Amino acid sequence: RANAEKFEFQAEVSRLMDIIINSLYSNKDIFLRELISNASDALDKIRFLALTDKEVLGEGDDAKLEIQIKLDKENKILSIRDRGIGMTKEDLVKNLGTIAKSGTSAFVEKMQTSGDLNLIGQFGVGFYSVYLVADYVEVISKHNDDIQYVWESKADGAFAISEDQWNEPLGRGTEIRLHLRDEAQEYLDEYKLKELVKKYSEFINFPIHLWASKEVDEEVPADEDDSSDDEEFIVHMNPISCSSLTVKYTLMRTAESKSSEEEDEEDSEKDEDDKKPKTKTVKKTTYEWELLNDVKAVWLRNPKEVTDEEYTKFYHSLAKDFGDEKPMSWSHFNAEGDVEFKAVLYVPPKAPQDLYESYYNSNKSNLKLYVRRVFISDEFDELLPKYLSFLKGIVDSDTLPLNVSREMLQQHSSLKTIKKKLIRKALDMIRKLAEEDPDESNDKDKKDIEESSDSNEKKGQYAKFWNEFGKSIKLGIIEDATNRNRLAKLLRFETSKSDGKLTSLDQYISRMKSGQKDIFYITGSSKEQLEKSPFLERLTKKNYEVIFFTDPVDEYLMQYLMDYEDKKFQNVSKEGLKIGKDSKDKELKESFKDLTKWWKGTLASENIDDVKISNRLADSPCVVVTSKYGWSANMERIMQSQTL
Ligand code: ADP
Ligand code: MG
């Protein structure tokens with residue numbers, strides 16, 4: 051194109067495109083989902099702007115917030131169009147090629163090992179999936195602040211942008227035109243597209259229309275000379291010129307020949323001969339916009355009427371997580387009272403790899419905030435505390451104001467109430483995961499649960515949750531004083547008696563020996579190491595149970611978790627351990643008085659506070675104990691490894 055300005059893709063983007071083009075990945079369908087998701091994002095953006103400025107929407111068709119899909123079989127073009135925010139020239143340059151997002155190299159890296167292309171959307175590079183099916187792509191876009199441009203690329207390392215002098219004006223929005231590869235012709239099939247939209251994009255909150263053909267029977271005047279009755283009728287259509295939603299494009303094979311004169315003739319024939327058929331039925335192909343998604347937003351529906359499958363599919367589209375796995379759990383509720391909102395929360399099937407890596411420097415919540423059905427933001431940190439940021443979901447509030455800036459909204463007093471309720475519901479949901487898990491119950495109720503039908507599916511689900519997200523619960527105990535006790539209930543660990551299985555504080559307490567006042571625990575780098583610890587000798591002999599804390603975060607955790615259900619925690623490697631009274635204690639103390647005194651004097655220069663006769667040992671002759679408020683040996687170890 052004469053007026054084209056050329057650009058080179060940023061190097062990482064270029065590599066990404068190479069990978070996509072040469073990919074043997076068989077599930078190429080995902081491109082459609084990515085394009086529809088982008089269209090939906092663009093529509094969300096313009097709708098959000100329209101809250102404070104109605105003008106931005108324009109009039110007539112432009113104001114219709116919708117997505118349109120068209121097929122041009124003759125030219126092998128599939129196009130997806132939205133009336134979203136559109137892109138200025140600068141947006142096109144930046145968003146589609148020159149600025150690599152942080153996810154680009156992460157995704158490239160992933161794809162080089164065992165990556166699943168299906169996850170492309172999560173890395174923020176979904177657009178490039180178009181090159182799974184197309185060898186040439188045009189992006190026509192019109193933003194309110196700029197004129198209409200065409201972006202185009204054959205994925206050969208470069209792209210071009212030109213002022214659009216060829217296409218019909220879009221009004222506002224974006225049309226992505228895919229020139230399909232020979233082996234991707236299946237995407238010109240209406241049925242295939244309907245199926246895909248149903249499968250992947252059912253929960254998009256804007257209408258998706260397909261310019262679909264329809265065979266209808268039509269009565270037309272009989273014409274005996276017409277020998278082309280059985281001829282197949284092929285429709286040639288230009289998708290660009292049919293872009294208005296309101297046009298009902300009808301092609302009738304007889305339309306051209308049927309003049310008003312003939313109609314007159316028809317009438318006169320009728321008068322002459324009533325037995326002769328004057329009309330006949332022919333197949334007519336018409337085209338019209340067919341709505342492909344008419345499902346009401348899941349969160350607005352009655353939870354009783356939403357199936358598990360629908361919740362699962364909604365999760366996939368919400369989280370852009372299109373793996374095969376079901377979310378571990380969900381909670382759909384309606385909060386009433388001063389602050390009204392509807393919400394669906396999910397525990398994902400897996401924790402993202404970087405969940406804790408980015409914990410302290412990212413604030414990103416994974417909840418989508420809507421106000422009265424209008425998408426506001428998915429970057430609202432105020433909805434959930436950091437430690438619950440692994441949850442996904444949506445919140446739609448009727449109480450929050452619509453026509454204020456994001457910043458004002460962020461400070462709205464209702465958010466505090468919403469957050470409080472969300473935390474409560476989230477913790478309930480997690481507690482239920484444990485309650486419904488047959489592996490978690492005490493032996494006495496085990497029988498009943500095992501007989502129920504879905505218990506097999508629920509078996510081991512809490513251990514799975516704990517494995518993925520246990521650390522978040524621990525961080526919660528550290529950070530959230532208000533819910534500390536609720537969170538402590540969710541805590542799981544191994545103990546000196548748990549035989550490799552996870553156990554809870556409640557279970558520990560139910561097994562405490564009579565007269566045992568404190569909850570005993572020990573920290574270290576592994577269970578194997580702790581099992582051999584001399585600190586345990588006497589306790590084990592006396593049949594006390596000791597909790598093993600082996601995660602570095604546990605040391606911090608235990609600085610915040612002082613007690614549980616009126617029981618204090620006692621680190622058995624620290625001063626202050628009381629294991630019942632021994633009648634010989636006093637006697638022993640007395641008879642070894644001189645020895646302990648001598649030892650204390652000898653070790654005084656080694657930072658030793660005291661030397662005592664102890665009842666915590668069974669076989670080992672002596673052990674070094676930490677003072678009550680000092681760092682445990684394990685904490686010293688952790689601190690040392692951190693400074694190195
Ligand atoms: P993501 O959607 O995760 O941001 P994509 O690779 O899918 O990543 O899209 C890249 C960017 O291109 C988007 O962030 C958006 O700015 C822009 N974009 C893509 N499609 C459209 C569209 N239909 N309308 C407006 N902008 C779009
Ligand atoms: Mg996208």
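So for the sequence shown, mature numbering (1 follows the signal peptide of the UniProt record, and there is no 0) puts the first residue at 51; every next one is plus one.
No residue lacks a Cβ here, since even glycine has one placed at the ideal position from N, Cα and C.
Note that the coordinates shown come from a computational prediction; the quantities given were computed from them, not determined experimentally.
Selection from the options that minimises the alpha carbon distance to residue i
| i | options | result |
| --- | --- | --- |
| residue 328 | 345, 271, 382, 349 | 271 |
| residue 479 | 438, 147, 571, 115 | 438 |
| residue 252 | 169, 341, 330 | 341 |
| residue 91 | 201, 676, 254 | 254 |
| residue 528 | 351, 81, 606 | 606 |
| residue 637 | 364, 627, 664 | 664 |
| residue 115 | 58, 53, 148, 223 | 223 |
| residue 510 | 368, 484, 520, 433 | 484 |
| residue 240 | 65, 123, 477, 360 | 123 |
| residue 543 | 524, 553, 535 | 553 |
| residue 153 | 539, 66, 546 | 66 |
| residue 395 | 348, 550, 148 | 348 |
| residue 55 | 174, 121, 575, 214 | 214 |
| residue 203 | 226, 218, 106 | 226 |
N-terminal and C-terminal residue of the beta strand (DSSP E) that residue i is part of
| i | result |
| --- | --- |
| residue 68 | Run containing residue 68: none in the beta strand (DSSP E); it sits in the alpha helix (DSSP H), 61-71. |
| residue 127 | 127-132 |
| residue 262 | 258-271 |
| residue 430 | Careful: residue 430 lies outside any beta strand (DSSP E) and carries neither H nor E. |
| residue 598 | 597-599 |
| residue 244 | Segment 240-251 is the alpha helix (DSSP H) holding residue 244; no beta strand (DSSP E) there. |
| residue 675 | Looking at the DSSP string, residue 675 is not in any beta strand (DSSP E), and its letter there is neither H nor E. |
| residue 420 | 417-421 |
| residue 121 | 117-122 |
| residue 148 | It is not in any beta strand (DSSP E) - residue 148 carries neither H nor E in the DSSP assignment. |
| residue 570 | 569-573 |
| residue 55 | 55-58 |
7 Å CB neighbourhood of residue i in its chain, flanking five on each side removed
| i | result |
| --- | --- |
| residue 649 | 661 |
| residue 668 | 587, 588, 591 |
| residue 602 | 688 |
| residue 196 | 138, 139 |
| residue 471 | 385 |
| residue 179 | 70, 80, 81, 84, 170 |
| residue 206 | none |
| residue 63 | 147, 150, 154 |
Same chain, Cβ closer than 6 Å to residue i, five either side skipped, listed in chain order
| i | result |
| --- | --- |
| residue 372 | 168, 366 |
| residue 75 | 167 |
| residue 250 | 83 |
| residue 370 | 171, 172 |
| residue 315 | Note on residue 315: pLDDT 48, under 50, position unreliable in the model; no value is reported. |
| residue 512 | 483, 484, 487, 490 |
| residue 697 | In the structure as shown, the chain begins at 51 and stops at 694. Residue 697 is therefore absent and cannot be evaluated. |
| residue 257 | 116, 341 |
| residue 681 | none |
First through last residue of the alpha helix (DSSP H) which encompasses residue i
| i | result |
| --- | --- |
| residue 610 | 602-610 |
| residue 580 | 577-581 |
| residue 646 | 643-653 |
| residue 80 | 80-102 |
| residue 535 | 534-539 |
| residue 556 | 555-560 |
| residue 159 | 152-162 |
| residue 618 | Per DSSP, residue 618 belongs to no alpha helix (DSSP H); it is in the beta strand (DSSP E), 617-621. |
| residue 139 | 139-143 |
| residue 591 | 587-591 |
Close Cβ partners of residue i (< 8 Å) along its chain, the five nearest in sequence each way excluded
| i | result |
| --- | --- |
| residue 142 | 189, 191, 199, 201, 211 |
| residue 339 | 118, 259, 260, 261, 262, 295 |
| residue 494 | Interpretation of residue 494 is limited by its pLDDT of 48, a score under 50 that renders its predicted location unreliable; no figure is taken from the coordinates. |
| residue 622 | 570, 571, 572, 585, 586, 589, 596, 666 |
| residue 677 | 624, 625, 659 |
| residue 555 | 538, 539, 541, 569, 614, 615 |
| residue 375 | 399, 400 |
Residues bridged to residue i [DSSP beta-bridge criterion]
| i | result |
| --- | --- |
| residue 341 | 259 |
| residue 230 | 184 |
| residue 543 | 553 |
| residue 22 | Lying outside 51 to 694, the shown extent of the chain, residue 22 is not represented and no answer is given. |
| residue 334 | 266 |
| residue 624 | 676 |
Ordered list of alpha helix (DSSP H) runs contained in the region 441-529, each at least 4 residues: 456-460, 464-485, 493-501, 505-508, 511-529
Minimum length 3: unbroken beta strand (DSSP E) runs contained in the region 345-411: Whole beta strand (DSSP E) segments, 3+ residues: 379-385, 391-397.
Minimum length 3: unbroken beta strand (DSSP E) runs contained in the region 188-228: 199-203, 208-213
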